[in-house]
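Which chain is which? The protein sequence lines are A and B, in order. The opening position of the first sequence corresponds to residue 90 in my numbering, with each subsequent residue numbered one higher. The opening position of the second sequence corresponds to residue 1214 in my numbering, with each subsequent residue numbered one higher. Glycine included, each C-beta is placed from N, C-alpha and C at the ideal position. Small disclaimer: the values here were computed from a predicted structure and weren't measured. In what follows, a structure is listed as structure tokens, so that the remarks can point back to it.
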Amino acid sequence: MKIPFSYNIRNLIVRKTTTIMTALGIALTVAVLLASMALVEGLKVAFTQSGHPLHILVMRKGADAELSSNFERSVFRDIVFKSGIAKNAKGDALASLEMVTVINLPSVESPEGMNLSVRGITPVGLEIRDDARLIQGRWMEFGKREVVVGESIAKRYPDARIGNKIKFGRGDWEVVGIFKSEQLARNSEILTDLNQAAADFERENVLSSALIRASDDVARQALINDLSTDPRLNVKAQTEKEYYAAQSNSGMLISFLGTFVATIMAIGSCFAAMNTMYAAVARRAKEIGTLRVLGFSRFSILSSFLIESVALAILGGLIGILLVLPLNNLSTGIGSFVTFSEIAFQLRVSPSIMLTGLIFAIIIGAFGGLLPAANAARQQILNALRQI
Amino acid sequence: MRYLSLILKNSLRNRRRSFLTISSLAISLCLLGVMMALYYALFFGAPPGPGQARRLVVRNKISIVFPMPLYYRDRIRQVQGVEEVLTWQWYGGTYKDNRDTRNMFPRMAAEADKLFTVYTDYRIPEEQKKAFQQDVAGCIVGEALARRLGFKLGDKILVKGDIFPFDLDLTVRGIYSTAEGDDESMWFQWKYLENALRGSDRLAAGTFTILARSESEVARIGREVDALFVNSPAQTKTESEYAFGLSFLAFFGNIKIILMSICGAVTFTILLISANTMAMSVRERVREVGILKTLGFTRESILGMLLGESAMIGLIGGGVGLILALGLCAIVRQAPAFVQQTKTLTIQPPVLAILLTLSVMIGLASAVIPAWNAARTGILDALRFTD
Chain A
90 MKIPFSYNIR NLIVRKTTTI MTALGIALTV AVLLASMALV EGLKVAFTQS
140 GHPLHILVMR KGADAELSSN FERSVFRDIV FKSGIAKNAK GDALASLEMV
190 TVINLPSVES PEGMNLSVRG ITPVGLEIRD DARLIQGRWM EFGKREVVVG
240 ESIAKRYPDA RIGNKIKFGR GDWEVVGIFK SEQLARNSEI LTDLNQAAAD
290 FERENVLSSA LIRASDDVAR QALINDLSTD PRLNVKAQTE KEYYAAQSNS
340 GMLISFLGTF VATIMAIGSC FAAMNTMYAA VARRAKEIGT LRVLGFSRFS
390 ILSSFLIESV ALAILGGLIG ILLVLPLNNL STGIGSFVTF SEIAFQLRVS
440 PSIMLTGLIF AIIIGAFGGL LPAANAARQQ ILNALRQI
Chain B
1214 MRYLSLILKN SLRNRRRSFL TISSLAISLC LLGVMMALYY ALFFGAPPGP
1264 GQARRLVVRN KISIVFPMPL YYRDRIRQVQ GVEEVLTWQW YGGTYKDNRD
1314 TRNMFPRMAA EADKLFTVYT DYRIPEEQKK AFQQDVAGCI VGEALARRLG
1364 FKLGDKILVK GDIFPFDLDL TVRGIYSTAE GDDESMWFQW KYLENALRGS
1414 DRLAAGTFTI LARSESEVAR IGREVDALFV NSPAQTKTES EYAFGLSFLA
1464 FFGNIKIILM SICGAVTFTI LLISANTMAM SVRERVREVG ILKTLGFTRE
1514 SILGMLLGES AMIGLIGGGV GLILALGLCA IVRQAPAFVQ QTKTLTIQPP
1564 VLAILLTLSV MIGLASAVIP AWNAARTGIL DALRFTD
């Protein structure tokens, strides 16, 4: 026979101060875990949503990042003629030679300045980025010292707003537009004319990479194999998606720190829950005896107390989730060791993260409640009834 | 003080509860201790080693990935108080396979004749030092690195270039050790780099390390060096070697805020746990308080006894937590680290003081309300009280 659940709920309500304090302790533990998970999740989303499925990124062999890849213009000329590259209406290959570099701008959060990626492209580069839409101003004119900035940059860097001039390379560049892309990592870039930027950084012949659109899935794979194995080119080709996916480990340290702290706090909360449950058991010794006399089995007593502890923990878990909900969609930035610059992204408290928090809380409750519940179930009826 | 034994007896009456409370407090305080130690080590500057305190690092203001003209070296050399300037360059590259993180270690080129002058804390046998300086394709590795990857004198190290368009083919000529901090790097000769580069690339330097004549001149030299190049195409950022190491931390997000919020959450949790237990423990003995009062104990002494008990439990929890924290720090010291500060992480005296004070304060704060209520209850009510 099962002891009704309402018995547990009533007990939790009667001792509301203790219940709330224990639940809050669990809530904070859950909140720490969830906050770090939300950060890592947001970062992952930013990177996995980036990259066109048909795009191939070509860098010099041995380079892990566009920034450290020295890609020569002559190699690019050879690549353009490969088969399998998609063509535009005019019949030109959709292959874009690009130069990536890093500049330093003061942001809202750090007036000392954060690093940002600047990407020099040609008109084809704009064409291949058909996911990017202008939300303000106009695209830059090629041949002029003009830049357009990604939405996240415009938001976080007061200097990078339309009409302002930003200083890098050999002088000033005018911000003429703001763009937005569904591919989140792109929103953390500044786009400008390849030749202007290359001249400023004295890199006319040594650029960073080539972005190529394959005509279809089959051609993409063939093209990657062809490029990677061509000994004359000495390049490494990978899908743009792979390149971005590899960057999502930037959140590793925070993820590690969050899990570490949450685990230790969980042990502490477990002890606290145990304390509360032991007190509950001790105070209800007579009740337990009565229940046994009424015919409830030891097992029903055990499960009832365990359920009560888990209910307490679930309450804590729910409060914990409420605590981190305001973090959802909060924008922040993190540095990437691949691009040596800042990537802006938003924290995500996704349903799966909330579920993890709840499960985590249930585990704390179950561990905390197990020993006290066993203690309650072991009591002898006579002894229990005799307690004051 | 004369109630000490009574307090002690009282806290032992429910051993299980005291044990659980103390464990729970200890674990939370251990975490708090490690976080505070980390915060302290990072932002209040654990005193750098005697060599490091005199060193400054000059880099391109925009980012460390950009070079500076090599002639900056001679201009920096002329700043008053500069004893020596070392030019060095981060090489990067791939050793064997990057997927195994053990293969990742810093690889730098530096002027072999100045390396040991500037890094005063590097210790290396004289003949190994000579052998390194005489072999253009020689290199030295730190002791910890040599242990990790099993490098011995005479071993070949091959590294594939990524930033630089050439590969390294080096021979281990020496193994250096340091009193503290960094001994996981590999240094090779600046000449090797120069020989492999072409044209204008030869005229660039990645980073300069300055050795100041004395510690007191470090700040001034930093300002003066930056002022020298303020109107040059490549502006510089000069900071103490210590601050330079920290600047990489910014990449991981706002560590300051993250550590602070963790500390806040942990402290609040501790307060909750402690307050909860004290409330339970006091409620349980309202009747006893009535008896004590009949025996002639004053309200104040009862209040003091209850507060004392709570403070004692807090202090014991803090003490155990401190011991756990020292152990955890030892584990962190062994872990592979990104910042040098975690290699010497320990509970500094100020952190220790804060931690112990905090544990007593929390103990007191959590008992104030229940103890006050209990002490105020009239004798009759207290004796009649059933829970």
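Pop quiz: residue i and residue j are said to be a contact at Cβ under 8 Å. What is the actual Cβ separation, rounded to whole angstroms?
i, j, result
"Ile-1575(B)", "Gly-1527(B)", "5 Å"
"Ile-313(A)", "His-144(A)", "Going by Cβ atoms, the distance from Ile-313(A) to His-144(A) rounds to 11 Å, so no, they are not a contact pair."
"Gln-1341(B)", "Ile-1388(B)", "7 Å"
"Ser-1487(B)", "Phe-360(A)", "Between Phe-360(A) and Ser-1487(B) the Cβ distance is about 12 Å, and since that is not below 8 Å, they are no contact."
"Asp-1500(B)", "Leu-1596(B)", "Note on identity: in this sequence residue 1500(B) is Arg, with Asp being the wrong assignment. Their Cβ separation, rounded to whole angstroms, is 6 Å, which keeps Arg-1500(B) and Leu-1596(B) in contact under 8 Å."
"Leu-1516(B)", "Trp-1585(B)", "7 Å"
"Leu-436(A)", "Gly-131(A)", "5 Å"
"Ala-466(A)", "Ile-390(A)", "5 Å"
"Leu-186(A)", "Arg-162(A)", "7 Å"
"Ile-396(A)", "Phe-94(A)", "7 Å"
"Thr-1420(B)", "Val-1545(B)", "Actually they do not touch by this definition, with Cβ atoms about 28 Å apart."
"Gly-340(A)", "Val-121(A)", "About 15 Å separates the two Cβ atoms, so there is no contact after all."
"Met-229(A)", "Leu-156(A)", "In fact, because the Cβ distance is near 22 Å, the residues do not count as touching under 8 Å."
"Gly-258(A)", "Asp-282(A)", "Contact flag wrong, Cβ pair sits at about 12 Å."
"Gln-469(A)", "Lys-375(A)", "Gln-469(A) to Lys-375(A), Cβ: 13 Å. No contact."
"Ser-206(A)", "Ser-430(A)", "4 Å"
"Ser-125(A)", "Ile-448(A)", "With a Cβ gap of about 16 Å, Ser-125(A) and Ile-448(A) do not count as contacting."
"Ile-267(A)", "Ala-243(A)", "5 Å"
"Thr-1482(B)", "Gly-357(A)", "7 Å"
Is residue i near the ligand COA, going by C-beta to nearest heavy atom under 8 Å?
i, result
"Val-169(A)", "The ligand COA is not part of the structure shown, which contains no ligands of any sort."
Quick one: is residue i buried, meaning 16 or more other Cβ sit within 10 Å of its Cβ, or exposed?
i, result
"Pro-336(A)", "The residue you asked about is not Pro; residue 336(A) is Gln in the sequence shown. The residue is buried, with at least 16 neighbouring Cβ atoms inside 10 Å."
"Gly-1355(B)", "buried"
"Pro-51(A)", "Outside the modelled stretch of chain A, which goes from 90 to 477, sits residue 51(A), for which no answer is possible."
"Ala-1392(B)", "exposed"
"Gly-1477(B)", "exposed"
"Phe-1256(B)", "exposed"
"Val-307(A)", "exposed"
"Val-265(A)", "buried"
"Tyr-1284(B)", "exposed"
"Pro-1583(B)", "buried"
"Thr-1490(B)", "buried"
"Thr-1507(B)", "exposed"
"Phe-136(A)", "buried"
"Ser-241(A)", "buried"
"Leu-1366(B)", "exposed"
How about residue i: is its C-beta nearer than 9 Å to some C-beta of chain D?
i, result
"Ala-120(A)", "Annotation note: the requested chain D is absent from the structure, which comprises protein chains A and B."
For a quick check, are the C-beta atoms of residue i and residue j less than 9 Å apart?
i, j, result
"Arg-189(A)", "Asn-204(A)", "Arg is not the amino acid found at residue 189(A); the sequence shown has Val there. No; because the gap between Cβ atoms is not below 9 Å, this pair is not in contact."
"Ala-184(A)", "Phe-165(A)", "yes"
"Tyr-1335(B)", "Leu-1299(B)", "no"
"Thr-1449(B)", "Phe-1457(B)", "no"
"Ile-109(A)", "Leu-380(A)", "no"
"Asn-364(A)", "Met-1248(B)", "no"
"Leu-1242(B)", "Leu-1558(B)", "no"
"Leu-1571(B)", "Gly-1531(B)", "yes"
"Tyr-1304(B)", "Phe-1318(B)", "no"
"Ser-1398(B)", "Arg-1320(B)", "yes"
"Asn-193(A)", "Ile-1376(B)", "no"
"Arg-1230(B)", "Tyr-367(A)", "yes"
"Leu-1383(B)", "Ala-1350(B)", "yes"
"Met-148(A)", "Lys-330(A)", "no"
"Arg-1589(B)", "Arg-1496(B)", "no"
"Asn-253(A)", "Ala-433(A)", "no"
Does the region 318 to 326 of chain A come within contact of the region 113 to 129 of chain A, defined as at least 3 CB pairs closer than 8 Å? No: the two stretches stay apart, fewer than three of their Cβ pairs being nearer than 8 Å.
Which parts of the region 1396 to 1480 of chain B are runs of the beta strand (DSSP E), unbroken and 3 residues or longer, counting only runs that do not cross its ends? 1399 to 1402, 1420 to 1425 and 1449 to 1453
Note down, one range per segment and in chain order, each beta strand (DSSP E) of at least 3 residues found wholly within the region 1316 to 1393 of chain B. 1320 to 1323, 1351 to 1355, 1369 to 1373 and 1381 to 1391
Sequence ranges, beta strand (DSSP E) only - wholly within the region 1235 to 1270 of chain B, length at least 3: If we require 3 residues or more, the region 1235 to 1270 of chain B turns out to have no beta strand (DSSP E) run fully inside it.
Hey, which unbroken runs of the alpha helix (DSSP H) at 4 residues or more fall wholly within the region 1508 to 1578 of chain B? 1512 to 1547
Does the count of Cβ pairs from the region 436 to 453 of chain A and the region 399 to 417 of chain A closer than 8 Å reach three? With a cut-off of 8 Å, the region 399 to 417 of chain A and the region 436 to 453 of chain A count as touching, because enough Cβ pairs lie within range.
Is there contact between the region 1402 to 1409 of chain B and the region 1281 to 1297 of chain B, where contact requires at least three CB pairs shorter than 8 Å? no
Three or more C-beta pairs under 8 Å: does that hold for the region 407 to 419 of chain A against the region 363 to 383 of chain A? no
Write down every uninterrupted run of the beta strand (DSSP E) in the region 209 to 288 of chain A whose length is 3 residues or greater and which is fully enclosed by it, in chain order. 221 to 226, 235 to 239, 254 to 257, 260 to 270 and 278 to 282
Mind pulling the beta strand (DSSP E) runs of 3 or more residues that sit fully within the region 347 to 435 of chain A? 420 to 425 and 430 to 435
Unbroken alpha helix (DSSP H) runs of length 4 or more, entirely within the region 92 to 167 of chain A: which are they? Taking only runs of at least 4 residues, the alpha helix (DSSP H) segments lying wholly in the region 92 to 167 of chain A are 94 to 103 and 105 to 137.
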